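Protein chains in written order, with numbering that gives the first Met the number 0: chain A, 0 to 255; chain B, 0 to 428.
Even for Gly, the Cβ is constructed at its ideal location relative to N, Cα and C.
What you are looking at is a predicted structure, and each value in this text was computed from that prediction instead of being measured.
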Amino acid sequence: MTGKPTLAVWKFASCDGCQLTLLNCEDELLALTDAVQVASFPEASREVVAGPYDLSLVEGSITTPHDAERIRDIRQASRFLVTIGACATSGGIQALRNFSGDLAPLVYATPSYIETLRTSTAIADHVPVDFELRGCPIDRRQLLEVISAYLRGRKPAIRGHSVCIECKRAGITCVMVAHGTPCLGPVTQAGCGALCPSFARGCYGCFGPAETPNTAALSARWRELGAGEGDLVRAFRAFTAGAEPFRKEAEAHDAH
Amino acid sequence: MTHIRVPGLARVEGEGGLEIVTEDGRVTEARLDIYEPPRFFEALLRGRRYTEPPDITARICGICPVAYQMSACRAIEDACGVTVPEPVNALRRLLYCGEWIESHVLHVYLLHAPDFLGYESGIHLARDQPGILERGLRLKKAGNRLMEVIGGRSVHPVNVRVGGFYRAPDPRDLRGLAGELEWARQAALDTVGWVATFGFPDFSRDYEFVSLRDPAGYPIMGNRIVSSRGLDIPAADYDANFTEFQVPHSTALHSVLAGSRTYLVGPMARYSMNSGRLPEAAASAARAAGLGATCDNPFRSIIVRAVELVYACEEALRLIEHYEPPDPPCIDVPPAEAAGYGCTEAPRGLLYHRYRITADGTITDAKIVPPTSQNQRVIEADLREFAAPRLDLPHDRLTWQCEQAVRNYDPCISCSAHFLDLRVLNRTG
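Spelled out as structure tokens, the structure:
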């Protein structure tokens with residue numbers, strides 16, 4: 000209608016933090032809304048423009064039969080579909096349910112009031128996804144990069160290397176080497192700016208696995224630092240528990 | 000028969016709708032439908048370490064993660080019989096001020112003001128009045144920046160831990176924020192003046208307000224829960240006074256006080272219970288905006304939020320001026336076999352956490368009651384009474400006003416839907 004590319008923002012099971020990151024682009028928000036037509040963004044606007052949409056940003060994981068259907072409609076209405084955040088890319092913290100027994104009969108007084116799936120899964124488990132932006136929450140600069148890239152028709156310049164690389168670049172003292180603090184940085188994808196080590200804390204993996212992560216070697220190092228099997232299970236089974244390399248590493252220690 | 004139905008409410012955090020059914024000029028049903036999928040946080044916390052709830056429960060809400068972190072820390076420290084030193088407490092309060100600023104500005108400028116001015120969104124508002132939204136965004140950024148300096152990032156800060164912080168921020172970094180916060184304080188005062196000019200429906204009700212009480216001032220954290228009908232209890236007595244139960248149309252549990260009483264939490268309750276504790280600048284801004292000692296028109300809650308914004312900026316400046324880095328930044332909190340209780344004032348109101356942990360530090364039970372689930376009943380009562388005398392309004396107009404009546408509470412549906420109390424459900428299930 001306006002000739003501008005259309006942007007839609009969708010929510011599934013999540014905390015709203017990743018779509019809030021879009022509103023947290025305070026310096027860029029008005030320029031962005033000049034460049035695109037915000038066609039559907041219920042958290043911010045009552046207005047809904049009918050699809051198709053040039054770019055859909057999808058937050059949250061699939062946890063109900065209805066949502067498993069809804070994501071198919073959104074895929075169909077979207078030229079590009081980008082998932083944002085740990086929930087959409089790995090199932091999120093709520094994917095911890097995947098490793099428990101069936102919680103529903105335990106939890107609901109009247110289970111018939113609501114339908115939920117046994118698992119919380121990533122959007123890519125249900126429909127093809129054009130790009131997955133990691134993070135719990137996503138990083139503001141990376142989000143702007145992804146939106147700019149799709150508006151320009153190029154690939155987002157986002158790397159899959161580990162937190163260690165950006166930690167070294169920032170000149171932060173290694174918390175594991177210098178202080179013996181267990182850190183998931185060596186196997187976690189960069190993007191946060193090595194935040195935890197900059198606060199003298201070990202990385203807790205909220206951006207999910209880096210490319211080709213050697214989780215077994217890191218676990219061995221953690222053991223030398225005093226971590227037990229339970230600590231390793233909890234470390235890998237947290238904010239991106241459903242991501243394959245972390246899921247497998249947690250399983251390897253859960254058997255003990 | 001009139002039927003008002005908004006299947007997907009916009010400008011709220013999370014997924015919900017509203018439905019009002021009337022017959023013969025009488026409202027027969029007024030429902031806030033919450034269909035946000037539950038995420039089972041209370042169940043997922045079982046078996047985790049007692050040090051994990053600040054990071055895990057932050058993920059309940061991207062808009063108020065600090066509230067979850069603070070209530071979690073306080074509850075676990077309570078279980079372990081530990082009280083953090085004052086400098087840690089002051090730094091927590093400062094971080095919390097950042098969240099009040101960020102969250103209140105989001106609601107006032109982007110979610111609520113467009114209703115009063117007839118815009119679909121803050122973005123539409125910006126087309127006509129770019130200066131207004133620019134002020135809002137800069138103000139929001141001031142809150143986010145404060146959270147970033149203390150917590151590393153504004154959504155799910157990384158620096159908070161049971162016992163304190165991983166690293167105390169450098170005083171120079173905090174003092175570097177003072178200039179922008181001075182600007183923010185003035186912008187917040189201007190915000191009060193701006194929202195006070197809005198038109199407010201003539202609507203008020205006799206509410207029971209529930210908030211924390213802090214002898215030191217306007218409440219952000221504190222352990223006494225008070226109400227306008229005489230409730231005055233420690234956080235540990237929460238479960239004995241408040242009851243949650245499931246209703247068919249919501250994945251968030253409803254809550255009542257003393258078995259049946261509908262009550263209200265959030266800015267209006269905090270203000271009405273504690274307006275005498277506001278410092279002079281915020282108090283005089285409130286008076287100039289026409290607020291009395293209490294506020295019982297929920298549409299005017301936007302003024303209360305703006306007044307709290309003034310307070311949060313002032314309090315942040317005061318805390319920065321007196322900032323001494325806590326040394327060490329955190330204290331040891333050895334686990335103890337016990338239950339602990341923690342309450343703080345999230346931007347949307349009282350947020351209660353309870354944990355039971357074992358001697359080796361494993362969580363065996365968790366209960367979390369967020370403000371929006373507590374406000375569901377009062378929202379429905381408002382809808383009922385608000386709609387009844389306005390049924391002759393054009394349908395579109397009444398629908399929008401009813402949506403606005405829900406947005407008065409800044410409902411955070413993402414928060415509210417994740418809580419299912421295993422204890423209660425086991426009993427009835």
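Residue environment for alanine 215(A): exposed (fewer than 16 other C-beta atoms within 10 angstroms of its C-beta).
Threonine 115(A) and alanine 12(A) have their C-alpha atoms spaced approximately 11 Å apart. In the three-state reduction of the DSSP assignment, valine 306(B) falls in the helix class. Look at the region 49 to 66 of chain B: the residues with a C-beta under 9 Å from a C-beta of chain A are Glu51, Asp54, Ile55, Ala57, Arg58, Ile59, Cys60, Gly61, Ile62 and Pro64. Take the alpha-carbon of glycine 61(B) and the one of aspartate 23(B): they are about 43 Å apart. Within the region 125 to 136 of chain A, Cys135 and Pro136 place their CB atoms closer than 8 Å to a CB of chain B, listed in sequence order.
Taking the CA atoms as reference points, threonine 371(B) sits about 11 Å from isoleucine 33(B). Checking the DSSP bridge columns, you'll see glutamine 68(B) has no partner listed. Looking at Phe244(B), Glu18(B), Ile19(B) and Trp182(B), the one whose alpha-carbon comes closest to that of valine 309(B) is Trp182(B).
For phenylalanine 385(B), the closest Cβ of chain A is not nearer than 8 Å. Spatial neighbours of cysteine 195(A) in its own chain (CB-CB distance under 7 Å, excluding positions within 5 residues in sequence) are listed in chain order as Gly201, Cys202 and Tyr203. At least one CB atom of chain B sits nearer than 8 Å to the CB of proline 41(A).
For tyrosine 95(B), the enclosing alpha helix (DSSP H) has its first and last residue at 85 to 104. Proline 325(B) is not a Cβ neighbour of alanine 78(B), given a cutoff of 8 Å. DSSP assignment within the region 121 to 201 of chain A yields the following whole alpha helix (DSSP H) runs of 4 residues or more, N-terminal first: 139 to 151, 162 to 168, 174 to 178 and 194 to 197. For tyrosine 270(B), the enclosing alpha helix (DSSP H) starts and ends at 266 to 273.
Along the region 190 to 217 of chain A, going in chain order, the ones with a CB nearer than 8 Å to a CB of chain B are Cys191, Leu194, Cys195, Ser197, Phe198, Ala199, Arg200, Tyr203 and Cys205. Here DSSP, grouped into helix, strand and coil, assigns lysine 3(A) to coil. Contact of arginine 45(A) with chain B is assigned, a C-beta pair being separated by under 8 Å. Under the DSSP definition of a beta bridge, leucine 256(B) partners with Phe241(B) and Arg260(B). Between the C-alpha atoms of aspartate 189(B) and proline 333(B) there is a straight-line separation of about 47 Å. Taking a Cβ-Cβ threshold of 7 Å, the residues of chain B close to aspartate 66(A) are Pro36, in chain order.
Counting only runs of 3+ residues, the beta strand (DSSP E) found wholly inside the region 182 to 250 of chain B occupies 209 to 212, 223 to 226, 231 to 233 and 241 to 244, in chain order.
Here aspartate 54(B) is buried: its Cβ has 16 or more other Cβ atoms, across all protein chains shown, within 10 Å. Glycine 163(B) sits in a strand when the DSSP states are folded into three classes. Secondary structure at leucine 318(B): helix, using DSSP grouped into helix, strand and coil.
Here the alpha carbons of glycine 241(A) and valine 176(A) stand approximately 29 Å from one another. A Cβ-Cβ separation of about 6 Å places isoleucine 412(B) in contact with glutamate 12(B) under the 8 Å criterion. Using a Cβ-Cβ cut-off of 7 Å, threonine 20(A) is close to Val154 of chain B, given in chain order. Secondary structure at glycine 175(B): coil, using DSSP grouped into helix, strand and coil. Judged by DSSP in its simplified three-state form, histidine 123(B) adopts helix.
In the structure shown, serine 153(B) falls within a coil segment according to DSSP collapsed to helix, strand and coil. Between the region 106 to 117 of chain B and the region 170 to 180 of chain B there are fewer than three inter-stretch CB-CB distances shorter than 8 Å, so the stretches are not counted as touching. Taking C-beta atoms as the reference points, isoleucine 362(B) and arginine 47(B) count as a pair closer than 8 Å. Check the Cα spacing between proline 327(B) and each of Tyr165(B), Asp359(B) and Arg30(B): the tightest is with Tyr165(B).
Counting along the chain, the unbroken beta strand (DSSP E) around isoleucine 19(B) starts and ends at 15 to 22.
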